[in-house]
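Numbering (the working numbering), first residue to last: 71 to 459. Glycine included, every Cβ here is placed at the ideal spot set by N, Cα and C. Small disclaimer: the values here were computed from a predicted structure and weren't measured.
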Ligand code: SF4
Ligand code: SF4
């Protein structure tokens, strides 16, 4: 089956780009300015600047609307000062999906700057007088009614490695496959592809759409109904970012159960009887990845750590602070990224011989910068698989 993700979605995006501007500004207006996002933002904790919080970024977007989108470059710069960790979104009582919103806003602004004078003029008129373009809304409502389709499939599994496992942690992929086999699954492995987030976060929307298209085609050509990955950032991108950017991204979420490894493993280990025998002198600490938290996987990780691995975790494993990686954020703002990492490592205070478990390959790479060498830092997959009987 050949589905042209890029072509269909380009049409979809052109039709909806004006509506997206409107959606972004109306989400910015729904902010209650309560400041809950400020209290959880790791970047704000380091810089103390309001424009680095979600509330500050939304205020800048509201200002941009009132200013007819003139001089958006500084605002784009502030929107990029973000780890895309999703903590603000989780804390927000209004439920604003800040990460998707900031990514879309910064790419729209980037595209807007490249448009002709006439197109810029039309967009500015639309932003100020959206009712003049109400025919777009009718079309969108019809579209939303029509696209959903559900089919029933037999339960078959895809394991999506994501690009970091491919490049840096092939043994963890082997360990995941050994775990799946022991619990009775023989997954189809999708490797060598990227979810697209690294492109999008560095402002390359074309690269994002192209890599999403390749991955989408791989998924839809496999007779399966569950997608599992050991990278919660990939899962968060498939679940939250893809639907925001494309019609196909919405469809894939109705067709597949898309789960992080911890979510899938917790389901399976609750339902079946498996023995995992961790040595009594194993000493471990835990780092909760921001994206695992943002997709609601914390309780599943807790179940695996406490009920399956029977780890006695101390207070430092419960602090849930960010490691400061944030993809291109660590390259664009290495000083702030390192400060966030140092704070995380101080909180963890790893002792000799302690293993640090986490659930994300990007967090492992970042934490190894500071704590690697002295301590083993690995994915939960490795510990489960190595100790499963
Ligand atoms: S938590 Fe949500 S509503 Fe409150 S200030 Fe932040 S973005 Fe606005
Ligand atoms: S996504 Fe994370 S870094 Fe970005 S504004 Fe929200 S809490 Fe701060």
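Could you spell out where the beta strand (DSSP E) holding residue 256 opens and where it closes? Taken as a continuous stretch (DSSP letters only), residue 256 belongs to no beta strand (DSSP E), as it is neither H nor E.
Rounded to the nearest angstrom, what separates residue 276 and residue 267 at their Cα positions? 12 Å
Following a CB-centred definition, is residue 124 positioned closer than 7 Å to any heavy atom of ligand 1? yes
Taking a contact to mean a Cβ-Cβ separation below 8 Å, would you say residue 361 touches residue 303 in this structure? yes
Extent of the continuous alpha helix (DSSP H) run through residue 229: Careful: residue 229 lies outside any alpha helix (DSSP H), inside the beta strand (DSSP E) at 227-230.
Which whole-angstrom value is the C-beta distance of residue 153 and residue 396, which I expect to be below 8 Å? 3 Å
Sort 355, 91, 429 and 342 by Cα distance to residue 179 and report the nearest one. 91
For residue 108, which residues in the same chain have their Cβ closer than 7 Å to its Cβ, ignoring the five residues on either side in sequence? 114, 123 and 125
Using the C-alpha atoms, what's the distance from residue 120 back to residue 293? 48 Å
Start-end ranges of the alpha helix (DSSP H) lying completely within the region 236-305, minimum 4 residues: 240-252, 267-271 and 275-290
DSSP state of residue 134, grouped into three classes? helix
For residue 232, collect the residues of the same chain with a Cβ closer than 6 Å to its Cβ; drop the 5 residues on either side in sequence, then sort them by chain order. 299, 301 and 304
Bounding residues of the beta strand (DSSP E) (the contiguous stretch that carries residue 355): 354-357
Quick one: is residue 459 buried, meaning 16 or more other Cβ sit within 10 Å of its Cβ, or exposed? exposed
I want to check one thing, is the minimum distance from the CB of residue 157 to the heavy atoms of ligand 2 below 7 Å? yes
At what residues does the beta strand (DSSP E) containing residue 413 begin and finish? Counting along the chain, residue 413 falls outside any beta strand (DSSP E), though it belongs to the alpha helix (DSSP H) covering 404-418.
Neighbourhood of residue 446 by C-beta distance below 6 Å, restricted to the same chain and skipping five residues each side: 425
Own chain, CB closer than 6 Å to residue 285, minus 5 neighbours either side, in chain order: 263
For a quick check, are the C-beta atoms of residue 429 and residue 410 less than 8 Å apart? no
Simplified DSSP state of residue 177, which is helix, strand or coil: helix
Measuring CA to CA, which of 311, 342 and 258 is closest to residue 156? 311
Report whether the distance from the Cβ of residue 112 to the nearest heavy atom of ligand 2 is below 7 Å. yes
Between residue 406 and ligand 2, is there a pair consisting of the residue's CB and a ligand heavy atom that are separated by less than 7 Å? no
For residue 327, which residues does DSSP report across the bridge? 296
Determine the DSSP secondary structure at residue 374, reduced to helix, strand or coil. helix
Using a Cβ-Cβ cutoff of less than 8 Å, which residues in the same chain neighbour residue 247 once the five nearest sequence positions on both sides are dropped? 229, 257 and 259
Along the alpha helix (DSSP H) that carries residue 307, what are the first and last residues, could you check? It is not in any alpha helix (DSSP H) - residue 307 carries neither H nor E in the DSSP assignment.
Pair within 8 Å by beta-carbon distance, residue 106 and residue 162: yes
Check whether residue 387 and residue 436 have beta carbons under 8 Å apart: no
Below 7 Å, is the gap between the Cβ of residue 152 and the nearest heavy atom of ligand 2? yes
Classification of residue 146 by the beta-carbon crowding that lies within 10 angstroms, buried from 16 upward: buried
In whole angstroms, give me the CA-to-CA distance for residue 164 and residue 390. 22 Å
Residue 428 bridges to which residues according to DSSP? 357 and 449
Near residue 379, which residues of its chain fall below 7 Å by C-beta distance, leaving aside the five closest residues on each side in sequence? 346, 348 and 453
Within this structure, are the beta carbons of residue 270 and residue 173 separated by less than 8 Å? yes
Return yes when the Cβ of residue 365 is within less than 8 Å of the Cβ of residue 306, no when it is not. yes
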